[in-house]
Amino acid sequence: MSFILVGGLTKHYGTTTALKGIDLEVQEGEWVCIMGPSGSGKSTLLNLIGGLDRATGGRVAIDGVEINALSEDSLSRFRREIMGFIFQQSHFIPYLSAAENVMLAQYFHSICDEEEAREVLTQLGLGDRLHHRPSQLSGGEQQRVCIARAIINNPKLLLADEPTGNLDRENTILTLETLKELHKAGQFTILLVTHDPFVAKWAQRVVTIEDGRIVRDELNT
Amino acid sequence: MSLIPEALVISLREGIKVIIVTILILSYLKEINQTHLNKAYFSGVIFTLIFSIGAALYLVIQGIDIRSEIASIIGLTFALLFIGSIGALYQYQGVNLFGPLKVITQFKRIRELIVFLVPLIMFLPGLIGSILHINMVSIIMGMAAATYLSASSGFALAAGIGLIISRVRWRIKIGSFFTPANLLLFFGIVLLIGGGIKGFAEMSLIPAVQMRVMKLFHDLVHMFITFLLIPDHPLIAGRMWNTIGFLFSAGAAEAFTIGLLLLPPSVFIYKTMAEPLPAFEAKTRGEMRKYIKGLKMERRRKSIPAALAMLVILLSWYTVREEGFNRWHNPKPIPVAESEGHVLIPLARPGMDVMDGSLHKFSFVHGDEIIRILVIKRPDGTLSVCLDACEICPPEGYAQRPKEGDLICIYCKTPIPLMTVGSPGGCNPIPLKALVGAKEAMIESAEILKKYQDVKTGKTKESIHKK
């Protein structure tokens, strides 16, 4: 059974149709990149798969759970336990340190474990930045803290929306290499949205969306 | 409070007790998937109702009043539930207190019997006592129909409340907060708050517990210090009573009582929260954290009834802490004058008759001192005239317990039977020689002053040690 199963997914915003019947299957442990130009519906698709938004029609099943059928509370719990999110913007709490921002994700999942947060940040090369506030970190470092925050609760699914959109090439490579290592070690599924073909190269499979429809679905060689 | 509304309050209170216990039991049985035991519980409730009405009717017909004994049974039940909850806590946490007998709790019939007994233990004494009291109220009022109608209204009101509650769809799973241990603890609290058999005045057992604690300390002090350990020690004679008296002062008794009552729930919370985490094999650290969180949440949830019990005890204590003493009859002394070496106590005045069986107090001023004298009719019809002080305690004096009719030392809470009032020694008030005439009782001032000085200077206490 597919880990992510999307069938006939549609989404309307008023008179605008963002998704026009998406069918997609992703296997557990895959790294899938969703590509497309701005306004093609790729972020909408990610939001619907992540349960951040409700679909107008169609179905989304993750790990066998139909998320459209879940109540708000159950959906929050499901998201908390199954998924990790990385966005283009870091959405940090500015007055908390890097370690504390990671611990915040632990707190909402279960309980805080500072030692574990330190270990993960150190593993991502931020051992000397644990007590720095977000404003004291570079863009690349901030994005690595975002990754730490996303993976700290051992999610089965990592959803990333333009995670390197704000980074220069050097930091983009560093971030993607980090994700690659974690993906190799962590056995989680990655669904990454980007408009940058360079970023898409890191994925195992690239799904291209245009005008709310999948126009291409190909494996990276 | 008028007696007829009191009948309503009593029956309403009994009904609310039934509702609370029923909610707790049924929720718990649902939580542990033992709803088949509901039938045993309701059988117990019906049996208890029928038996209590039958027993009360029999007692009324036979003219037997066992309300005091019932109050003692309720107090004992409360104590057993409190102590039992600690035992159940250890049992629940893996310390097998039952030994090989534990296996019998696995039998369906035994479980049914235990659940059947819950209403008997929780409601039977209270219901019998309440019916007896309501019957007494109907006799006092001479309005049996109105009194019983009032009592029935209370039950009907409680039944209505129960019906409304049963229709409510609870979002909170009440049963998930309970284990057998904190269920017992909570049942104890229900008895503590609603264990009295009278109206509002006896809603709580706290004054009774406090009284017993005070008496216990008082007796211990007497037993150990006076008779066993240091009967003639030169350093501890005489004024030592004023030093150790704090042990059976009202404040100390309050503190001990509250400490005693808060002990089981405190132990409960401590044991529940501080229990080492059981081993758990988690695939990831996130899973382990989640497991720990779940366990902690579970423990917090199971501690809530104990915390609530503590809150109820403290609130109940706060609201009734003076009640026990305020209920005693302690009349304001009527000033009398000293004349020609004598103090004259009037035997009757408009609205006052010293032969009415109630405690009467008089006072006269000597120098800077106000000396109190108590006068009371004994069961044999004679009049006792005494100093309002005893040989042992500081001269706090005595009050009369309206229910029992006897005197009680305000300082150490020792009850004094009326037959011994007027006899010298021990905890009795110090008797005064009085010449009782038709209108007055005459006492020599010199005798009053000498005996009062002995009390004040501690001479009476020294004499105890020389005995």
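Chains as they are written, first to last, in this note's numbering: chain W, 6 to 226; chain U, 9 to 475.
Yeah, the Cβ is synthetic: ideal placement off N, Cα and C, and Gly gets one too.
So is residue i in contact with chain W if we call contact Cβ pairs under 8 Å?
i                 : result
GLU295 of chain U : yes
PHE208 of chain U : Because PHE208 of chain U carries a pLDDT of 41, less than 50, the predicted location of this residue cannot be relied on, and the following value inherits that uncertainty. So no, PHE208 of chain U is outside the interface.
TYR300 of chain U : For clarity, residue 300 of chain U is Ile in the given sequence; the question names Tyr instead. It does; some Cβ of chain W falls within 8 Å.
MET211 of chain U : Low confidence applies here, because MET211 of chain U scores a pLDDT of 49, under 50, leaving its location unreliable; read the following figure in that light. So no, MET211 of chain U is outside the interface.
ILE27 of chain U  : no
Which residues of chain W have a Cβ atom closer than 8 Å to the Cβ of residue i, listed in chain order?
i                 : result
THR292 of chain U : ASN159
At a CB-CB cut-off below 9 Å, which residues of chain U make contact with residue i?
i                 : result
HIS114 of chain W : GLY294, ARG297, LYS298 and LYS301
Are any of the Cβ atoms in chain U nearer than 8 Å to that of residue i?
i                 : result
ASP283 of chain W : Past the boundaries of the shown model lies residue 283 of chain W; chain W is included only from 6 to 226, so the question cannot be answered.
GLN2 of chain W   : What the structure shows of chain W is the stretch from 6 to 226, and residue 2 of chain W is not part of that stretch, so it cannot be assessed.
GLN128 of chain W : no
PHE121 of chain W : Correcting the residue type first, residue 121 of chain W is Glu in the shown sequence and not Phe. Yes, contact with chain U.
GLN111 of chain W : yes
ARG82 of chain W  : no
Flag this pair as yes or no: are the beta carbons of residue i and residue j separated by less than 8 Å?
i                 : j                 : result
ILE443 of chain U : GLU455 of chain U : In the sequence as presented, Ile is not what sits at residue 443 of chain U; that position holds Leu. Not in contact: LEU443 of chain U and GLU455 of chain U (Cβ atoms no closer than 8 Å).
SER371 of chain U : PRO339 of chain U : no
TRP336 of chain U : ARG220 of chain U : no
MET130 of chain U : PHE59 of chain U  : no
ALA407 of chain U : PRO437 of chain U : no
ILE157 of chain W : GLY46 of chain W  : no
GLY137 of chain U : ALA87 of chain U  : no
ARG154 of chain W : VAL37 of chain W  : no
GLY95 of chain U  : LEU84 of chain U  : no
GLY162 of chain U : VAL17 of chain U  : yes
HIS350 of chain U : ILE451 of chain U : yes
LEU14 of chain W  : VAL65 of chain W  : yes
ARG308 of chain U : GLU121 of chain W : no
ILE277 of chain U : SER311 of chain U : yes
THR56 of chain U  : LEU109 of chain U : no
LEU172 of chain W : THR183 of chain W : no
TYR49 of chain U  : PRO133 of chain U : no
LYS189 of chain W : TRP207 of chain W : no
ALA103 of chain W : LEU126 of chain W : yes
VAL176 of chain U : VAL29 of chain U  : no
| field | Runs of alpha helix (DSSP H) lying entirely within the segment 80-143 of chain W, each at least 4 residues, in chain order | value | 103-114 and 119-128
| request: Write down every uninterrupted run of the alpha helix (DSSP H) in the segment 412-470 of chain U whose length is 4 residues or greater and which is fully enclosed by it, in chain order. | output: 453-465
| request: Return the chain-ordered ranges of every beta strand (DSSP E) run that is complete within the segment 344-387 of chain U and spans a minimum of 3 residues. | output: 350-354, 368-374 and 377-385
| said: I'd like the ranges of any beta strand (DSSP E) spanning at least 3 consecutive residues and lying wholly in the segment 180-225 of chain W. | reply: 194-199, 210-215 and 218-224
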